[in-house]
Amino acid sequence: MATLNEAILSLDRLPALPSTSVRLVAMLANGGTRADLREVEAVIRADESVVASVLRLANSAAFGTPGRTFSLGEAVRRLGTRTLAKIALETQVSGRLADAGVSYGLRRGSLAESAIGGAIAAETLARRHRVDPELAFVAALLRDIGKLAIDAIAGPDALERIAAQAEARPFLAFEREAFGADHAELGAILCERWGLPAEIVRAVRGHHEPPSPGTDPVTDVVHAADCVARWAGLGLGCDGLLYTFDAGARERLATTRDELEALVADVHSALAPAGINGFSSGLPNTRNAA
Amino acid sequence: MSRSPTTPLSFTSKPDAPRALELDRGARDRVVVGVADLAVSKDPTKSIITYALGSCIGVTLYDPIAKIGGMLHFMLPDSSVSPDKAVANPPMFGDLGIPLLFQKVTEAGARRDRLIVCAAGGAEVLADDGHFRIGNRNRTILRKIFWKHNLLVSAEDTGGQHSRTMTLRLADGAIQLRVQGKESQLWPR
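So the protein sequences, as listed, match chains A and B.
Read the first sequence against our numbering and you will find it ends at 287, with the numbers running on by one and no gaps.
Read the second sequence against our numbering and you will find it ends at 217, with the numbers running on by one and no gaps.
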């Protein structure tokens, strides 16, 4: 069993989020204005995988000009700052998460796919519930980043062994017992260290257990989005569905069963073109056009 | 069809979807069913597998004489929540996917009166205040439809909070489950 101290120390061994990702988060948190376009373009040009994602989206059916292929410069102008920043961040974060979650028994790419699925759900919910959609998107994308720390502390099947013996109770409690901190807390500490905005740190920390009484709508949205992603079958490792849907968050969001089920269907469909089974590249797809 | 170029015997609901699972790359004996997906095969050298059944349910139909089998991985009980997805992707929903699975296995030559039905999944989040209960409602639609078709579920492992992996072996209809790293056989018992 690791202690809180070891858990925190393990964070030091994790590579930092690229500084360009941190900049992208800051831009999105400030609404992604036109003034940021040049900087986003520079980030994109410096990263081949992001260039590929941007070109793929700009030339996808959603932007449909059949028979025409857009250059990177044209793509940048067509997509606009916010969409570009989201694609760039999504590509970088999912690259980072590609191999994460082994201690949860997750297959390669699962956690990245779940991050993106949750981000889509959070953005949609945020729009409906008058919460900043960019903040919700980023926080949901990063919500499980603390699982990188758990991977670093736990052996490949340590969590599976713990979970197999246990009765039904929140998985976060197992993590706290075994490692001194859960993945939500460790993720929040990481986001704090990377200098991300406080709203994002709070939402990552509270994404399974939103604070009550709730004063933080971004956290509520990310919490609901996490459940939506689980219902869509995303990111299910040995932790399975050992999480709660907080009644307070549900009431504050005034969300209905039909709304969330339709969102489950939407999230699945948004990911499917990228291959829900064969997810490996982390490339985003046409949903960013919305 | 990237999944089984050598077997025109197999049907999948999404023939064009990319299929190359890291773990299954090169494993030609497996047909992988994604979330909101179904597959039917009469190739006895193959198994049909689906991963990460949480609140979703995996349903298998198998004719032991013809050795024809199919698997559905449905996500939600009722297609009325999303009419456009109902059209685009019927295996997403129990109310459409289960009848479609029936149709596909019987079209492939399976006989209704010989079908062995198994199901796994339908897990629930710990406490959702009784409000959503997607796993529970997935289990209900499953029972309703089989009752309507006058068929009994031979074996099922549903509920709880864990994620399950389900495999149907076409040679003999055996159903294997993997839950929390442990393998078990669901059918025959």
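C-beta: ideal position from N, C-alpha, C; glycine also.
Only a predicted model underlies this, so the values are computations on that prediction, with no experimental measurement involved.
- When DSSP states are grouped into helix, strand and coil, Cys235(A) belongs to the coil group.
- Counting only residues of its own chain and dropping the five nearest sequence neighbours on each side, Glu184(B) has a CB closer than 6 Å to the CB of Ala147.
- Chain A has no Cβ within less than 8 Å of the Cβ of Phe174(B).
- Of the candidates Ala149(A), Leu69(A) and Ala85(A), the residue whose Cα lies closest to the Cα of Val22(A) is Ala85(A).
- Around the C-beta of Ser110(B), 16 or more other C-beta atoms lie within 10 Å, and the residue is accordingly described as buried.
- Asp65(B) sits in a strand when the DSSP states are folded into three classes.
- Going by DSSP, Val198(A) is part of the alpha helix (DSSP H) stretching over Ala195 to Arg202.
- In this structure, Asp141(A) sits near Gly232(A), with a CB-CB distance shorter than 8 Å.
- A Cβ-Cβ separation of about 18 Å leaves Ser266(A) out of contact with Asn166(B) under the 8 Å criterion.
- By the Cβ-count criterion, Glu135(B) is exposed, with fewer than 16 other Cβ atoms from all chains shown falling within 10 Å of its own Cβ.
- Proximity of Lys210(B) to chain A, defined by a Cβ-Cβ separation below 8 Å, is satisfied.
- When rounded, the separation of the alpha-carbon atoms in Thr193(B) and Leu11(A) is 31 Å.
- When rounded, the separation of the alpha-carbon atoms in Asp148(A) and Arg140(B) is 47 Å.
- With respect to chain A, the C-beta atom of Gln189(B) has a partner C-beta closer than 8 Å.
- Annotation: Cβ neighbours of Thr241(A) in chain B (cutoff 8 Å, chain order): Val153, Leu154, Ala155 and Asp156.
- A buried status is given to Val145(B), since no fewer than 16 other beta-carbon atoms sit within 10 Å of its beta-carbon.
- Per DSSP, the unbroken beta strand (DSSP E) holding Glu211(B) starts and ends at Lys210 to Trp215.
- Short of 8 Å from the beta carbon of Ala72(A), and not among the five residues preceding or following it, lie these beta carbons of its own chain, in chain order: Val51, Leu52, Leu54, Ala55 and Asn56.
- Going by C-alpha positions, Trp215(B) is about 8 Å away from Gly201(B).
- Counting only the Cα atoms, Leu34(A) lies some 45 Å from Ile85(B).
- Around the C-beta of Arg197(B), 16 or more other C-beta atoms lie within 10 Å, and the residue is accordingly described as buried.
- For Ile162(B), the residues of chain A that pass the 9 Å Cβ criterion are Trp228, Arg254, Leu257, Glu258 and Val261, in the order they occur in the chain.
- With distances taken between CA atoms, Leu14(A) lies nearest to Thr88(A) out of Arg158(A), Ala262(A), Ala32(A) and Thr88(A).
- For His101(B), there is no enclosing alpha helix (DSSP H); the enclosing beta strand (DSSP E) has its first and last residue at Ile96 to Phe102.
- Contact of Pro167(A) with chain B is assigned, a C-beta pair being separated by under 8 Å.
- Contact note: Leu233(A) reaches chain B through Ala80, Gly82 and Ser191, using a C-beta cutoff of 7 Å and chain order.
- Taking a Cβ-Cβ cut-off of 8 Å, the neighbours of His159(B) in chain A comprise Phe242, Ala244, Arg247 and Arg254, given in sequence order.
- About 6 Å separates the CB atoms of Phe102(B) and Phe121(B); that is less than 8 Å, so the two are in contact.
- Among the residues facing chain B, Leu238(A) is included, as its CB has a counterpart in that chain under 8 Å away.
- For Gln89(A), the uninterrupted alpha helix (DSSP H) segment begins and ends at Thr78 to Leu94.
- The beta-carbon distance between Gln189(B) and Ala151(B), rounded to whole angstroms, is 5 Å. This is short enough to meet the 8 Å contact definition.
- Contact with chain A is found for Val109(B), since one of that chain's Cβ atoms lies less than 8 Å from the residue's Cβ.
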